[in-house]
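The working numbering runs 119 ahead of the 1-based position in the sequence shown.
Structure first, commentary second.
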Amino acid sequence: KIYQPIEPNQTDLPYIKLINVGKQVIVNNVSGNLASQIVFCLMNYHINPRRIYLLRHGESEDNIKGFIGGDSPLSNSGKIFAEAVTDFVKLQNTRDLKIYTSTLLRTKQTVKNLRTQYTTRHTRILNEIYAGNCEGLTYNQIKEQMPEEYEARERDKLRYRYPNGGESYLDLVERLKPIIIEIERLSSDVMIVAHQAVIRTLLAYFQQVEKGGLPYLSVPLHTIICITPTPFGRNEGHYWIDLEKYREWKLDQTVEKEWIVCRDVVHQNQDFGVHCF
120 KIYQPIEPNQ
130 TDLPYIKLIN
140 VGKQVIVNNV
150 SGNLASQIVF
160 CLMNYHINPR
170 RIYLLRHGES
180 EDNIKGFIGG
190 DSPLSNSGKI
200 FAEAVTDFVK
210 LQNTRDLKIY
220 TSTLLRTKQT
230 VKNLRTQYTT
240 RHTRILNEIY
250 AGNCEGLTYN
260 QIKEQMPEEY
270 EARERDKLRY
280 RYPNGGESYL
290 DLVERLKPII
300 IEIERLSSDV
310 MIVAHQAVIR
320 TLLAYFQQVE
330 KGGLPYLSVP
340 LHTIICITPT
350 PFGRNEGHYW
360 IDLEKYREWK
370 LDQTVEKEWI
380 VCRDVVHQNQ
390 DFGVHCF
């Protein structure tokens with residue numbers, strides 16, 4: 120087979136030519152919304168080595184009580200996790216880290232000690248999925264007070280939209296598209312500190328999970344997910360922070376760093392970074 124390039128004089132053909140993975144992008148006779156989004160995505164795509172850290176905020180007071188939504192502060196365990204995140208970053212020897220969090224208190228508190236060292240941005244785009252009338256309730260309370268809403272969510276968690284202005288996972292997908300483009304654009308290491316539904320959605324993008332599986336991805340508290348893009352895929356590690364062992368290590372840092380527990384490592388070859396929801 121012989122590769123036949125498109126010649127510059129073939130102006131009637133619609134095409135996008137990507138040279139050296141983003142060094143140069145040539146767009147010819149391209150129109151339409153979807154095509155324009157593809158051009159925008161390709162203009163921000165690169166394969167520079169970097170690490171992408173995804174994590175939920177530390178445990179909050181509302182997590183203990185089982186309330187959804189709200190803007191509660193970190194619990195005592197959550198505050199210890201925030202300290203551990205700071206030490207985890209130091210041990211990573213990360214370079215030029217950019218940090219993005221939601222505007223909610225619990226994510227800001229999680230990176231409180233990092234804000235003076237690294238560029239940190241708080242954005243509403245990363246706020247938790249809005250639960251409408253269900254904000255501040257537990258799922259048991261929703262089941263008792265709004266059984267129809269509870270059953271509707273159980274039937275279709277992806278498309279279910281919370282009542283009175285609430286959001287669905289599909290709404291969240293649309294909301295997060297700008298931050299996904301921002302992550303793809305950055306050539307530095309980046310850390311996203313957000314909430315369960317938000318991290319699920321971002322993880323589904325990088326893992327190329329079908330939409331139907333998005334609401335069921337496991338994103339436990341006090342776990343740091345590290346994604347390293349490669350030219351033909353990604354490496355992905357899940358690191359659980361053992362808070363008890365971390366406290367012991369803080370008292371005696373000559374002991375081994377057993378507080379960082381690697382739960383899962385993935386090496387996967389696939390098209391990385393051009394997947395669109």
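Ideal Cβ positions, reconstructed from N, Cα and C, are used throughout, including at glycine.
Reference residue i, options the options, closest by Cα
i      : options                           : result
ASN259 : ILE248, PRO168, GLN327 and GLU273 : GLU273
LYS227 : TYR249, ASP215 and VAL204         : VAL204
TYR358 : ASP371, ILE299, VAL208 and ILE343 : ILE343
GLU375 : LEU340, LEU210, ILE298 and THR347 : LEU210
ARG214 : VAL140, LEU305, ARG225 and ASP275 : LEU305
Same chain, Cβ closer than 8 angstroms to residue i, five either side skipped, listed in chain order
i      : result
ILE199 : GLY177, LEU362, TYR365 and ARG366
PRO282 : GLY251, ASN252, CYS253, MET265 and GLU268
Rounded C-alpha distance that separates residue i from residue j
i      : j      : result
VAL149 : THR130 : 11 angstroms
TYR335 : PRO124 : 44 angstroms
CYS345 : ASN128 : 45 angstroms
GLU303 : TYR164 : 6 angstroms
ASP181 : MET162 : 41 angstroms
LEU340 : ARG175 : 6 angstroms
TYR237 : ILE299 : 20 angstroms
Cβ neighbours of residue i in the same chain (closer than 6 angstroms, five flanking residues each side left out)
i      : result
GLU377 : LYS364
CYS395 : Only weak support is given to the placement of CYS395: the predicted model assigns it a pLDDT of 44, under 50, and the question is left unresolved by the model.
ASN232 : THR205
LEU224 : ASP190 and PRO192
Residue(s) in a DSSP beta bridge with residue i
i      : result
ILE218 : THR239 and MET310
CYS381 : TYR358
CYS345 : TYR172 and GLY356
Residue range of the unbroken beta strand (DSSP E) whose run includes residue i
i      : result
ARG83  : The requested residue 83 is not part of the displayed model; the chain covers only 120 to 396.
ARG274 : First-last for ARG274: 266-274, but that is the alpha helix (DSSP H), not the beta strand (DSSP E).
LEU144 : The amino acid occupying residue 144 in the given sequence is Val; Leu does not appear at that position. Note, VAL144: beta strand (DSSP E), 143-147.
LEU61  : Nothing in the structure corresponds to residue 61, since the chain is present only between 120 and 396.
LYS136 : 134-138
The alpha helix (DSSP H) enclosing residue i, as first and last residue numbers
i      : result
THR226 : 224-229
THR213 : Here THR213 belongs to no alpha helix (DSSP H), and DSSP marks it neither H nor E.
ARG294 : 288-304
ILE157 : 152-162
Close-in-space but distant-in-sequence residues of the same chain around residue i (CB under 7 angstroms, 5 per side omitted)
i      : result
GLU286 : ILE248, TYR249 and ARG280
PHE186 : GLY255, LEU256 and THR257
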